[in-house]
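Numbering (my numbering), first residue to last: -6 to 262. Written below as structure tokens is the structure these notes are about.
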Amino acid sequence: FFNEVYECMAALGLPRDTFMHEMGVSQFEINLLHGDPLLLADQTFLFKHLLKEVALKHGLTVVCMAKPLAHTAGSSMHIHQSVVELGSGRNVFSDEAGQPTATFRHFIGGQQAGMADFTALFAPNVNSYQRLCHPYASPNNACWSHDNRAAGLRIPASSPVARRVENRLPGADANPYLAIAASLAAGLYGIENELEPTAAIQGEFEVPDSLSLPCTLHAALERLKRSHLAIELFGKEFIEGYIASKTLELTSFYDEITPWERRVLAAQA
-6 FFNEVYECMA ALGLPRDTFM HEMGVSQFEI NLLHGDPLLL ADQTFLFKHL
44 LKEVALKHGL TVVCMAKPLA HTAGSSMHIH QSVVELGSGR NVFSDEAGQP
94 TATFRHFIGG QQAGMADFTA LFAPNVNSYQ RLCHPYASPN NACWSHDNRA
144 AGLRIPASSP VARRVENRLP GADANPYLAI AASLAAGLYG IENELEPTAA
194 IQGEFEVPDS LSLPCTLHAA LERLKRSHLA IELFGKEFIE GYIASKTLEL
244 TSFYDEITPW ERRVLAAQA
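Structure below.
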């Protein structure tokens, strides 16, 4: 299976990096090489469909749900972000002495400012919140930290040239175009408005209310509906259309009764 995946990736011109088993049952971590955000979104889209097509040939099923199995880790689409100067390619998150810049801080501040408003773009399905609200290294917060996987925004250990911000909120079910756009737009908003982030968290921590995120699709859509930032960055037409589409899906979900409700509640009522 994997040999054919590698061959198909080469045929499509998709560069590959790490393939390794993750902590979940039959779960694999797959890293694509960094590059232009729109190109990465294209590659992610093609790669997911490539996996599913090759799997069918081998009698397998590739699942990109955020939480396909209970009592184990969910599946994410972490986004590693850095900003480079056109021409020079210099990472603007580091200064000449290799230290973090004000731009780096402001980018994090923007990420924090937009994370709750954009949760419905990072976690677009009912199942997304099974991953976020039953965490196995799946943070549901807008805290940031140096290399702490409990934070929604993580700064991985790296050299100054590779300094970056990892957005750990998006699930494997997220639309790569929308998730990347929302994350970068929030960061740009922070840079343009010189937003300062909160203090970085360390060790075990309690999430303050100001940095907590919606924990259901309904709550996320309500937050998006009230967001002036979303309208400013994405436009009213798109936001209203997205909310309408996801509300229809949510209504369809509410039209069904889950097996748990019948099994547990039928005898209690």
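Note that the Cβ used here is the ideal one computed from N, Cα and C, for glycine as well. Just so it is clear, the structure is predicted and the values come from calculations on it, not from any experiment.
For residue 212, the nearest candidate out of 118, 52, 8 (CA to CA)
Residue 212 has its Cα closest to that of 118, out of 118, 52, 8.
Which residues share a DSSP beta bridge with residue 70?
The beta-bridge partner set that DSSP reports for residue 70 is empty.
Is DSSP giving residue 202 helix, strand or coil here?
Residue state, collapsed to three classes: helix.
Run through the DSSP bridge pairs and tell me what residue 164 is partnered with.
In DSSP, residue 164 forms a bridge with 69.
Terminal residues of the continuous alpha helix (DSSP H) containing residue 108?
Element bounds for residue 108: 95 to 108.
Between which two residues does the beta strand (DSSP E) containing residue 13 stretch?
Segment 9 to 14, the beta strand (DSSP E) holding residue 13.
Can the beta-carbon of residue 177 be found less than 8 Å from the beta-carbon of residue 121?
For residue 177 and residue 121, no; Cβs fall outside 8 Å.
Could you pull the DSSP bridge partners for residue 147 from this structure?
The secondary-structure analysis by DSSP pairs residue 147 across a beta bridge with 138, 159.
Give the single residue among 141, 224, 153 whose Cα lies nearest to the Cα of residue 92.
The shortest Cα separation from residue 92 among 141, 224, 153 belongs to 153.
Flag this pair as yes or no: are the beta carbons of residue 48 and residue 20 separated by less than 8 Å?
No, the pair does not count as a contact, with Cβ atoms beyond the cut-off.
Counting C-beta neighbours from all protein chains within 10 Å, is the total for residue 6 16 or more, i.e. buried, or is it exposed?
With fewer than 16 other Cβ atoms inside 10 Å of its own Cβ, residue 6 counts as exposed.
Taking 8 Å as the cut-off, decide whether the C-beta atoms of residue 75 and residue 157 are in contact.
For residue 75 and residue 157, yes; Cβs fall inside 8 Å.
In its own chain, which residues sit with a C-beta less than 6 Å from the C-beta of residue 97, not counting the 5 before and 5 after it?
Excluding sequence neighbours, residue 97 sits near 86.
Using CA coordinates, which residue listed in 171, 40, 257 is at the minimum distance from residue -1?
The residue among 171, 40, 257 with its C-alpha nearest the C-alpha of residue -1 is 40.
Quick check on this structure: which residue in 110, 155, 151, 149 has the alpha carbon closest to the alpha carbon of residue 133?
Nearest C-alpha to residue 133: 110.
Determine the closest residue to residue 201 out of 82, 135, 166, 184, with distance taken between C-alpha atoms.
Distances from the CA of residue 201 to each of 82, 135, 166, 184 were compared; the closest alpha carbon is that of 135.
Do residue 140 and residue 58 count as a contact pair if the criterion is CB distance below 8 Å?
No, they are not a contact pair.
Quick check on DSSP: helix, strand or coil for residue 22?
Under the three-state reduction of DSSP, residue 22 is assigned to strand.
Is residue 167 near the ligand GDP, going by C-beta to nearest heavy atom under 7 Å?
This structure does not include the ligand GDP; it has no bound ligands of any sort.
Option nearest residue 63 by Cα separation, candidates 95, 17, 78, 34:
Measuring from the Cα of residue 63, the nearest candidate turns out to be 17.
Keeping to the same chain, check which residues put their C-beta closer than 7 Å to that of residue 45; ignore five residues upstream and five downstream.
Counting only Cβ-Cβ distances below 7 Å, and skipping sequence neighbours, we find 55.
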